[in-house]
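Below is one structure, written out as structure tokens; comments come after it.
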Amino acid sequence: MSIVLSATAVFFLVWVVVRIVGKRELSEMAPFDLVILVVMGDLIAEAVIAEDTSVTGAVTAVATFGLLTIAMSWLSYRMPSRRAFFEGVPTLLVRDGELVTESMRAERVTHDDLMVAARQEGITDLDDIAWAVLEQDGSFSFFSRESKS
191 MSIVLSATAV
201 FFLVWVVVRI
211 VGKRELSEMA
221 PFDLVILVVM
231 GDLIAEAVIA
241 EDTSVTGAVT
251 AVATFGLLTI
261 AMSWLSYRMP
271 SRRAFFEGVP
281 TLLVRDGELV
291 TESMRAERVT
301 HDDLMVAARQ
311 EGITDLDDIA
321 WAVLEQDGSF
331 SFFSRESKS
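Numbering (the numbering used here), first residue to last: 191 to 339.
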């Protein structure tokens, strides 16, 4: 039973940390980020399983994480009004060619980050963007302005 409680506590702690870290940091991983994830995985395993190194303990911990993941997904599906809480929301970064600086600051996205993503979509000028959106998964979506005639 202690493994289930530990796994539940750690699951929600990890969920909170992931939400705090932000969309951008999770969408692009540098080599150091991979090292951090491996270390975090080890720390999580230590916290969840503690002294119990049995197969049963590991299976219980993995099953608890799996069930909690399914429960969060189910709650998000069944409660559309709470979906933003569970999954986050898209963030508008550019409106009619102008940066939405409050959103950029809140999401820790630089002008350079935005323009790198825009160039990857074939957009070279901020004025060509009607909207730029930072999606829940950390990717960018761009909507072009109507051509000026």
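The C-beta atom is built at its ideal place from N, Cα and C for all residues, glycine as well.
Just so we're clear, the structure is a prediction, and the values are computed from it rather than from any experiment.
If the criterion is Cβ atoms closer than 8 Å, does the pair residue i and residue j meet it?
{"i": "valine 194", "j": "threonine 254", "result": "yes"}
{"i": "glutamate 297", "j": "leucine 324", "result": "yes"}
{"i": "alanine 237", "j": "valine 200", "result": "yes"}
{"i": "alanine 251", "j": "alanine 308", "result": "no"}
{"i": "leucine 316", "j": "glycine 287", "result": "yes"}
Quick test of your reading: residue i and residue j, contact by CB under 8 Å. State the CB separation rounded to the nearest angstrom.
{"i": "alanine 322", "j": "leucine 283", "result": "5 Å"}
{"i": "proline 280", "j": "glutamine 310", "result": "With a Cβ gap of about 18 Å, proline 280 and glutamine 310 do not count as contacting."}
{"i": "serine 331", "j": "aspartate 318", "result": "Going by Cβ atoms, the distance from serine 331 to aspartate 318 rounds to 14 Å, so no, they are not a contact pair."}
Apart from the five residues just before and just after residue i, which ones in its own chain have a Cβ nearer than 8 Å to its Cβ?
{"i": "arginine 209", "result": "Gly278"}
{"i": "leucine 265", "result": "Arg272 and Phe276"}
{"i": "serine 339", "result": "Residue placement at serine 339 cannot be trusted, given a pLDDT of 46 that sits under 50; the coordinates are not used to answer."}
{"i": "valine 245", "result": "none"}
Who are residue i's beta bridge partners in DSSP?
{"i": "glutamate 288", "result": "Arg285"}
{"i": "leucine 324", "result": "Thr281 and Phe330"}
{"i": "isoleucine 319", "result": "Ser334"}
Please go through the same chain and pick out, in chain order, the residues whose beta-carbon is closer than 7 Å to the beta-carbon of residue i, but skip the five residues on each side of it.
{"i": "valine 204", "result": "Ile234"}
{"i": "methionine 294", "result": "Leu283"}
{"i": "arginine 285", "result": "Trp321"}
Below 6 Å CB to CB, which residues in the same chain sit around residue i once its five sequence neighbours on both sides are set aside?
{"i": "valine 290", "result": "Leu282 and Leu283"}
{"i": "threonine 259", "result": "none"}
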